[in-house]
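Undergrad:
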Amino acid sequence: MVILTAATSASAGKGYEGRIYKNFSFKNVIQRTIIKAEELGYKAVVYDLNNLGIGEHYEIKDDYYLTNGYHQNEVKPGYKSRSLFKAEIVKKCMNDHNDLIVYLDGDAQLCGDLNEIETDDYDIGVTLRDKIELSYLWHKKYFDVAGYVNAGVIFFNNTPACNNFVEEWRRKTQSLGNDQMALNYLVCPSNYPEKYSVTEKNGVRIKFFPVSKFNYYSFNYRYFGNAKILHFKSSVRNFYPFDWRKRCYCFLFINFRSLLIGTLRKYVFSFLWKM
Numbered sequence: 008m009v010i011l012t013a014a015t016s017a018s019a020g021k022g023y024e025g026r027i028y029k030n031f032s033f034k035n036v037i038q039r040t041i042i043k044a045e046e047l048g049y050k051a052v053v054y055d056l057n058n059l060g061i062g063e064h065y066e067i068k069d070d071y072y073l074t075n076g077y078h079q080n081e082v083k084p085g086y087k088s089r090s091l092f093k094a095e096i097v098k099k100c101m102n103d104h105n106d107l108i109v110y111l112d113g114d115a116q117l118c119g120d121l122n123e124i125e126t127d128d129y130d131i132g133v134t135l136r137d138k139i140e141l142s143y144l145w146h147k148k149y150f151d152v153a154g155y156v157n158a159g160v161i162f163f164n165n166t167p168a169c170n171n172f173v174e175e176w177r178r179k180t181q182s183l184g185n186d187q188m189a190l191n192y193l194v195c196p197s198n199y200p201e202k203y204s205v206t207e208k209n210g211v212r213i214k215f216f217p218v219s220k221f222n223y224y225s226f227n228y229r230y231f232g233n234a235k236i237l238h239f240k241s242s243v244r245n246f247y248p249f250d251w252r253k254r255c256y257c258f259l260f261i262n263f264r265s266l267l268i269g270t271l272r273k274y275v276f277s278f279l280w281k282m
């Protein structure tokens with residue numbers, strides 16, 4: 008198994024939302040992923056897209072992106088793409104390594120073994136968003152971009168169908184201007200799929216893995232404690248590093264708050280229904 012990750016710089020810098028997280032570092036996240044991968048017997052491949060300072064250099068020819076960390080054009084008003092190169096680096100890694108490729112965004116950290124995903128019943132493995140996330144206002148606003156799956160963690164079995172898919176993903180990313188929109192266009196059925204289900208689309212077998220275990224980023228909603236990959240994307244970077252204090256906070260406070268809110272909603276809905 009090959010763990011593939013990449014980043015443009017060591018630090019996060021300032022995103023287009025204007026927030027800075029002093030304790031977060033792409034380089035530190037990636038270094039921890041490398042250590043865990045080697046500990047588990049996996050091969051770690053890192054691409055330095057500009058000035059990360061570790062890994063193999065991979066040239067990105069977009070000065071605006073390299074300066075700002077996102078691309079200039081908006082896919083939708085208020086939504087700018089952060090990467091148009093994922094399919095390209097995945098394709099390069101697949102050409103260099105005839106193995107299962109696990110792609111992680113630079114802000115996603117490997118924390119546990121991934122032996123469960125080493126099966127031959129799929130070509131592409133994607134991480135399925137929790138149903139609760141689909142009800143968020145942000146997700147409803149950008150559903151045609153965000154879709155059912157998150158593009159921060161993807162599994163690629165090195166099959167002919169997988170190779171064809173990566174090339175189509177590359178073309179669709181360029182035409183749509185967003186890697187996640189392109190991924191959802193290519194893999195998602197019309198209805199929300201079941202976790203661990205496998206569907207075939209255009210000759211490609213697609214398996215849907217739960218984000219709660221393989222691409223966990225719902226730090227502000229609930230924490231199960233079984234995540235193999237932690238994804239410190241966007242506004243949850245304040246949870247990095249995810250030390251014992253933050254784990255306790257999520258286990259005790261976040262889970263209790265979610266339970267309380269869910270219970271209140273249930274009773275309020277029941278009360279209004281009876282009126």
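Here my numbering is used: position 20 in the sequence shown is 27, and no number is missing along the way. Positions of the beta carbon are idealized from the N, C-alpha and C atoms, including for glycine.
Give a yes or no on contact between the region 57-66 and the region 124-144, applying the rule of three or more CB pairs nearer than 8 angstroms.
TA: Counting Cβ pairs under 8 angstroms, fewer than three are found: no touch.
Undergrad: Rounded to whole angstroms, what's the CA-CA distance from Y23 to N245? Just pull it up for me.
TA: No answer about Y23 holds up, because its pLDDT of 46 lies below 50 and its placement is not dependable.
Undergrad: Looking only at C-alpha atoms, which of L11, W145 and V211 sits nearest to L193?
TA: Comparing Cα positions, the closest option is V211.
Undergrad: Return the Cβ separation of G113 and T12 in integer angstroms, given the expectation that the two are a contact with Cβ distance under 8 angstroms.
TA: Contact flag correct, Cβ pair sits at about 6 angstroms.
Undergrad: Identify, in the order they occur along the chain, each residue of the same chain with its Cβ nearer than 6 angstroms to the Cβ of L267, setting aside the five sequence neighbours on each side.
TA: Excluding residues within five positions, none has a Cβ falling inside 6 angstroms.
Undergrad: Which residues does DSSP list as the beta-bridge partners of A168?
TA: According to DSSP, A168 bridges with nothing at all.
Undergrad: Output the distance between the C-alpha atoms of F258 and R229, rounded to the nearest integer angstrom.
TA: Spanning the two alpha carbons is a distance of roughly 8 angstroms.
Undergrad: Does the CB of V156 have a neighbour CB from chain C at under 9 angstroms?
TA: This model lacks chain C altogether, as it is built from one protein chain only.
Undergrad: Are the region 145-160 and the region 71-89 touching by the rule of at least three beta carbon pairs closer than 8 angstroms?
TA: Enough Cβ pairs lie closer than 8 angstroms, so yes.
Undergrad: When burial is assigned at 16 or more other CB atoms within 10 Å of the CB, is T74 buried or exposed?
TA: Classification of T74: exposed, given that the 10 Å Cβ count is below 16.
Undergrad: Along the chain, where does the alpha helix (DSSP H) containing V194 start, and where does it finish?
TA: Its alpha helix (DSSP H) spans residues D186 to V194.
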